[in-house]
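Working notes, structure below.
2 protein chains.
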Amino acid sequence: MTIHLPVRGRLGLAFAAACIASLSLSDTTFAQTPAAQTAAPSTTAVPAPPAPPPPVLLSREALAGAIGVREQALKSDESYQLLESLTTEVGQRFAGTAGDKAGVEWAVKTLRDLGFTNVHTQEVIVPRWIRGEASFDVLAPYPMSMVTTAIGGSIGTPDEGLDAPIVMVQDIAALQALPEGTARGKIVFFNGRMERTRDGSGYGKAVRARTEGPSIAGSLGAVGVVIRSVGTSKNRIAHTGTLSYNVSSPRIPAVSISNPDADLLERQVAQTRPEGKAAGQAVKVRMRVTARDLPQVRSANVIGDLPGTDLANEIVLICGHLDSWDTGHGVQDDGAGVAIAIAAARLAASANPKPRRTIRVVLFANEEFGLSGAGRYPVAIGDEGVANHAFAMEADLGDGPVWKLSARVPQQYWPTIEQVHRVVRSLEVELGDNTSNGGADLGPLRRLGVPILSPQLDATTYFDIHHTVNDTLDQVDPAHLRQSTTVFAVTAYAVAIVDGPVPRYEEPQAAPTTPRAPPER
Amino acid sequence: MTIHLPVRGRLGLAFAAACIASLSLSDTTFAQTPAAQTAAPSTTAVPAPPAPPPPVLLSREALAGAIGVREQALKSDESYQLLESLTTEVGQRFAGTAGDKAGVEWAVKTLRDLGFTNVHTQEVIVPRWIRGEASFDVLAPYPMSMVTTAIGGSIGTPDEGLDAPIVMVQDIAALQALPEGTARGKIVFFNGRMERTRDGSGYGKAVRARTEGPSIAGSLGAVGVVIRSVGTSKNRIAHTGTLSYNVSSPRIPAVSISNPDADLLERQVAQTRPEGKAAGQAVKVRMRVTARDLPQVRSANVIGDLPGTDLANEIVLICGHLDSWDTGHGVQDDGAGVAIAIAAARLAASANPKPRRTIRVVLFANEEFGLSGAGRYPVAIGDEGVANHAFAMEADLGDGPVWKLSARVPQQYWPTIEQVHRVVRSLEVELGDNTSNGGADLGPLRRLGVPILSPQLDATTYFDIHHTVNDTLDQVDPAHLRQSTTVFAVTAYAVAIVDGPVPRYEEPQAAPTTPRAPPER
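From first to last, the protein sequence lines stand for chains A and B.
Using this note's numbering, the final residue of the first sequence is 532, and nothing's skipped along the way.
Using this note's numbering, the final residue of the second sequence is 532, and nothing's skipped along the way.
The following block contains the structure:
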């Protein structure tokens, strides 16, 4: 069923007038709704701004139900138990590996065991890349071996490795600003540091060196790329993650080294910089990578529903991704999201009064290495399936806690979000704004207009372990996971019980929003 | 020159009497000195306890000099600069490797450049062991790969690895208490956790599983050993260190796994314990190690002197070890000790008034994998050379800070230590006792009676990085290193200027001391 646009007004004119006064120009987008058109006066020569649709609010009973969800959730350890089970019984779940397959089996069994209905998999074709071995050695001036790993998707080097001087730059702009020919025949060392931030924005800024750096360096004649790990760990472990080769640039191999090794390489460069030359040319290195591509293989999105009542054909989607990188155990990234999604869905669905909409858990395949499952989902369910999605939310930034409740919902639902916020405010959750992008796996649904709820997870320490061997269970704080599960559960419950029909979200035209969430790759 | 026993008294009888009153029975050992014999009354029928030798105290000028050393040292960053240089230009220095050779060259050049005299090397034969690759995989019930490394000295496995069920125990006593035959054909998993302590004593308790465990397991018919890392790191990195095969037991290969992996293995064991069986038998693993021994090779102790004045033929030795494990960069273990020794010696030697004794820096070869250099040193210098050593001190527990000043000196020098303590007390240094063993490299000299000074380094976080890849420069706190260098410099200065001759230390007979320092291997 398609969700149509008409909005049922529930509020008096005084409240509506106050809302008009507080709305910015960008909010007039919502004037397209029939309700707004009805409110527009027809007798003036210059058309007045059409009235916005009236706010949609939770009933007293629904609010009491939301508080009940919160209280139940704060007593539950189910998300931690799920995470411990996934970690102990499966571990890493990199796309196309035996772990990926075991993860899908775990998810299907777990959803069935926990009483979900309509439990099924959705076939997803995923790339299959073998990390192989990687080594990175300084040959001169001071020989030493560094802790390294291949960047996801990197091609390999010749068996004997690749020997070259380095060119050290802070970022892509600095590389592009070098005199022509400087990078030719060299290994480019991207040495920019990632900034530690609560909202993860430091990652978004730093990650371009990894994703785009190899192709840009390749187009400038470089033979390889080494990056300072995009991550905040001070441990001698290298952070992996994916690169994105540009089809028109030469493919060159790329590795990351740990932050302490990058410090050391920087010191060697500083000691040996020849007068008037680019930094690093007196430092010779050897990199060796046995990474390689294999034919694509099959993986799967795993889906399960907890049916609603009178609006059971409308979906509130909670998602995480089932895959992980191969280095760690896929706990914070994104076992935590898987656990939050399943446990929050169950807490919301078992509340009283029962949620009206169906709460669906989707555990996406291969987020890390190409967003395969997220791209497949709307295609597999078709336009009508997408249209049934009233709201969607994603957990993919670790165990939390949730520190801010943001959204990207039709304006008339913002008051609902404010109500939800009042229910979870005591858990140290701020109220965010209505411009959130949600997470990476929500991209395709968001672009199709599905309204997004965005409980923002605290990312302050997340990038210490992100995409490393250190993504293990002992790094999880059970109290954080419980708080995050609670906020997701309350939010899911509220939007599963609130009145509809829920229109599509349409981008405000006057003041385009800027993306807030980091690209999660 | 041999240092003889007579003690020159400098104090009045009242002070001597007070000292007698405060001395315990164990202190009567010192009655052998001629001064004490002179003081013993000869007219009573039952011989009274002989009087102890009078305390030896620093003069007012010497104390002022010690305070001057402290003030200079607190303004100096030389030890950090030395450590940065060693780290940047050499890195790992495992016995017999190219890094070991580069370390010796660095040390000779550095001591010469810094004005040391008599700079020379002392040939030391060291074992040569190749770590190779190691893998440790759980095959059942839940397949996953764990982060592992070979224990130093381990033999290898067959190329295809070694498949066996495990037997999980907390320690050697628990293994020995199992029913006969339980360990036969199994891989023994020593799962005991190391306790975090300030004095490093937690290490001493935990390390037996690594050093003695493999031979004990081998004698019980086990085919391999895996240990929880002896270390306090919560990172997914394995701590190495040496084992000690017993010649009469079968040699079996041994690896360590990271603490988070040990947690995970423990969880798999807990989930699958069959009724009435030893823990772990339903967990099957495969370990593979390509470690191997090569013929012994040459390394060297590196020695340099800063000559004293009228007692220049007496030595105050400050030592650290130049070698390191191959995993990290040998920064806290024991680049910090090398840097402290060199910088402290220079600070002490340049004070006014000048120290009377020669301050000698010895950077020992191969402490980690057999104490080769420490064993060689007294043999190479001979009995007379050893007899010239008035005092010795060692830095080998990281960058510090020093939290306690202990010693193992003839009783008449304890008041000197108390004076030194008053000079460094403002740096948050406690006064310890006179039963310290010093460090592992001082063992041979200590057993020959050389008095020991022991500024104790704070080991609270040291075992987070000990014997791991994380032993890198960024883990060093320059303020800690400066404080430690200061305390070593003040202590070395004081015992290089204090009156002599300094007798050998002899073990008190009534109350044998218990070892305080952990075995540093």
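Where is the CB? At the ideal position from N, CA and C, for every residue including glycine.
Proximal residues to residue i (C-beta, below 6 Å), its chain only, five neighbours per side dropped
i	result
residue 89 of chain A	354
residue 73 of chain A	508
residue 379 of chain B	334 and 336
residue 152 of chain A	283
residue 124 of chain B	none
residue 52 of chain B	Its pLDDT being 46, under 50, residue 52 of chain B is placed unreliably by the model, and nothing is read from it.
residue 161 of chain B	142, 145, 266, 300 and 302
residue 315 of chain A	122, 127, 130 and 372
Closest by C-alpha distance to residue i, when choosing among the options
i	options	result
residue 303 of chain A	A:142, A:194 and A:489	A:142
residue 111 of chain B	B:138, B:413 and B:388	B:138
residue 311 of chain A	A:278, A:214 and A:373	A:373
residue 158 of chain A	A:430, A:226, A:219 and A:248	A:248
residue 206 of chain B	B:411, B:463 and B:239	B:239
residue 244 of chain B	B:496, B:489 and B:470	B:470
residue 452 of chain B	B:446, B:444 and B:465	B:465
residue 506 of chain B	B:457, B:388 and B:421	B:421
residue 448 of chain B	B:437, B:442, B:462 and B:440	B:462
residue 493 of chain A	A:295, A:438 and A:432	A:438
residue 479 of chain A	A:424, A:252, A:114 and A:295	A:252
residue 259 of chain B	B:269, B:231 and B:281	B:231
residue 440 of chain A	A:485, A:482, A:481 and A:491	A:491
Residue-chain proximity (residue i, chain B), Cβ-Cβ < 8 Å
i	result
residue 292 of chain A	no
residue 279 of chain A	yes
residue 271 of chain A	yes
residue 434 of chain A	no
residue 461 of chain A	no
residue 266 of chain A	no
Residue i and residue j closer than 8 Å at C-beta
i	j	result
residue 235 of chain B	residue 265 of chain B	yes
residue 98 of chain A	residue 332 of chain A	no
residue 435 of chain A	residue 107 of chain A	no
residue 145 of chain A	residue 299 of chain A	yes
residue 402 of chain B	residue 498 of chain B	no
residue 76 of chain B	residue 426 of chain B	no
residue 313 of chain B	residue 109 of chain B	no
residue 376 of chain A	residue 383 of chain A	yes
residue 84 of chain B	residue 496 of chain B	yes
is_contact[residue i, chain A] using C-beta, thresh 8 Å
i	result
residue 202 of chain B	no
residue 480 of chain B	yes
Spatial neighbours of residue i in its chain, beta-carbon cut-off 8 Å, leaving aside the 5 residues before and after
i	result
residue 181 of chain B	201, 202 and 203
residue 178 of chain A	186, 189, 193, 194, 197, 198, 199, 200, 233, 289, 290, 291 and 292
residue 155 of chain B	148, 149 and 275
residue 487 of chain A	91, 94, 342, 343, 347 and 410
residue 224 of chain B	183, 186, 199, 201, 236, 238, 254 and 265
residue 173 of chain B	198, 234, 235, 264, 297, 298 and 299
Interface partners of residue i on chain A, CB under 8 Å
i	result
residue 120 of chain B	Here the premise fails: no neighbours, minimum Cβ distance about 13 Å.
Proximal residues of chain B, C-beta to C-beta of residue i below 9 Å
i	result
residue 109 of chain A	154
residue 158 of chain A	480
Where residue i meets chain A, residues with beta-carbon distance less than 9 Å
i	result
residue 282 of chain B	99 and 100
residue 274 of chain B	483, 484 and 485
Other residues of its chain near residue i: CB distance less than 7 Å, five sequence neighbours each side excluded
i	result
residue 503 of chain A	327, 329, 355, 356, 359, 370 and 404
residue 80 of chain B	358, 359, 362, 500, 501 and 504
residue 460 of chain B	515, 516 and 517
residue 322 of chain A	367, 368 and 511
residue 442 of chain B	416, 429 and 432
7 Å Cβ cut-off: residues of chain B touching residue i
i	result
residue 245 of chain A	485
Cβ-heavy atom distance, residue i to the ligand MN, below 7 Å
i	result
residue 243 of chain B	The model depicted lacks the ligand MN and carries no ligand whatsoever.
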